[in-house]
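With this note's numbering applied, the sequence shown corresponds to residues 324 to 643, in that order. Beta carbons: idealized from backbone N, C-alpha and C, even for Gly.
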Amino acid sequence: MNRTVVRGVGSYLPAEVLTNDDLSRIVDTSDDWIVERTGIRERRRAAPAETTSVLATRAAEAALADAGLVPADVDLVLVATATPDYTFPATAVQVQANLGITRGFAYDLQAVCSGFVFALATADAQIKAGLARRALVIGAETFTRILDWTDRGTCVLFGDGAGAVVLEAAAAGEERGVLTCHLRSDGRHRDKLYVDGGPSTTQTAGHLRMEGREVFKHAVGMITDVIRDSFASTGASAETIDWFVPHQANRRIIEASARKLGIPIEKVVITVDRHGNTSAASIPLALDTAVKDGRIRRGDLVLLEAMGGGFTWGAVLVRW
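Below, the structure is given as structure tokens:
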């Protein structure tokens, strides 16, 4: 079976920066309190006119430019988001229209913070099945729109942004590309991380609610589970990977996961200090950062992982 390779990567961040000191004027918190517990120092907030589809479109344009392609080269647009512009249509079809793509298909995927990993695995499978040749896989969120700004346990954690990759079917024998994908979910944990609204319940968008200690307790074990499966299926290991790009939720979770797996912190890409938790956008934002600053290079073995509400969790191993 042919490989699916990453042809380009791009991202977009809103201009407004919210520092921890800014938040201390909104809610009872401080820079020291936030940094000690999360590692976050600042995050971005989208302007009123910057909807999720706008952020996604900007990231997609950057990824296409990096790939040296034009929108007409793409026949699948897949957007991972928990904060769509509308109940329907899908954010992806808005991105498709914004880019002027008139062929192929587009849809959204909802797995919260694991969304990008799930979307990458889905697009990889559809390309391998011959349903598409080139795909834009985008993680985009405007989480600041669903935060309770009186809840210091959640409003300090999240930010807005978007990241994207262009995937392409590779020629037979290509060693680069997506090597393995492992996805999990367990709906018994819904109450630990959820939004208390929706069309079928309250007819409102609702606000994010989280039991932080419970999420932390489950996160490290779940994350390491799918990573070990990735290693077992490919023969890779903590020693042979070049970069670990985790979901950027909390620095303590990232560091604890790396320690448990034996991955040196020098191999871990961390952007949570600058971006906060951008849910489905966090991995492609971190990828774009590490590619642009020269850390991730062609041929590198890159491990991606995420965990999100549901719970959902997953890992993807890519030869860049």
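| Query | Result |
| --- | --- |
| Residue closest to Arg348, alpha-carbon to alpha-carbon, out of Glu578, Thr473, Ala581 | Thr473 |
| Buried or exposed by the 16-neighbour rule on C-beta atoms within 10 Å, applied to Phe554 | buried |
| Where Ala455 sits in the DSSP three-state scheme | coil |
| Which of helix, strand or coil DSSP assigns to Ala463 | strand |
| Nearest to Asp398 (by Cα), restricted to the options Phe441, Ala446, Ala369 | Ala446 |
| Three or more C-beta pairs below 8 Å linking the stretch 506–516 and the stretch 527–535 | yes |
| Neighbourhood of Cys436 by C-beta, 6 Å cutoff - its chain only, sequence neighbours within 5 removed | His570, Ser602, Ala629, Gly631 |
| The stretch 352–369 contacting the stretch 560–577, beta-carbon criterion three pairs below 8 Å | yes |
| Minimum C-alpha distance to Pro337 - residue among Ala379, Asp345, Ile424, Ala638 | Ala379 |
| Residue nearest to Ala403 in terms of C-alpha spacing, selected from Gly462, Ile450, Ala386, Ile357 | Gly462 |
| For Val592, three-class secondary structure by DSSP | coil |
| 7 Å Cβ shell around Ser580 - same chain, five flanking residues per side excluded | Val543, Ile546, Thr547, Pro569 |
| Classification of Glu498 by the beta-carbon crowding that lies within 10 angstroms, buried from 16 upward | exposed |
| Among Glu339, Pro522, Pro394, nearest to Ala369 - alpha-carbon criterion | Glu339 |
| Residues near Val280 by beta carbon distance below 7 Å, same chain, minus five either side | Residue numbering for the chain in the displayed model covers 324 to 643; residue 280 lies beyond these limits and cannot be assessed. |
| N-terminal and C-terminal residue of the beta strand (DSSP E) that Asp431 is part of | 428–432 |
| Thr375 vs Pro407 beta-carbon contact at 7 Å | yes |
| Cβ neighbours of Lys583 in the same chain (closer than 7 Å, five flanking residues each side left out) | Val543, Thr547 |
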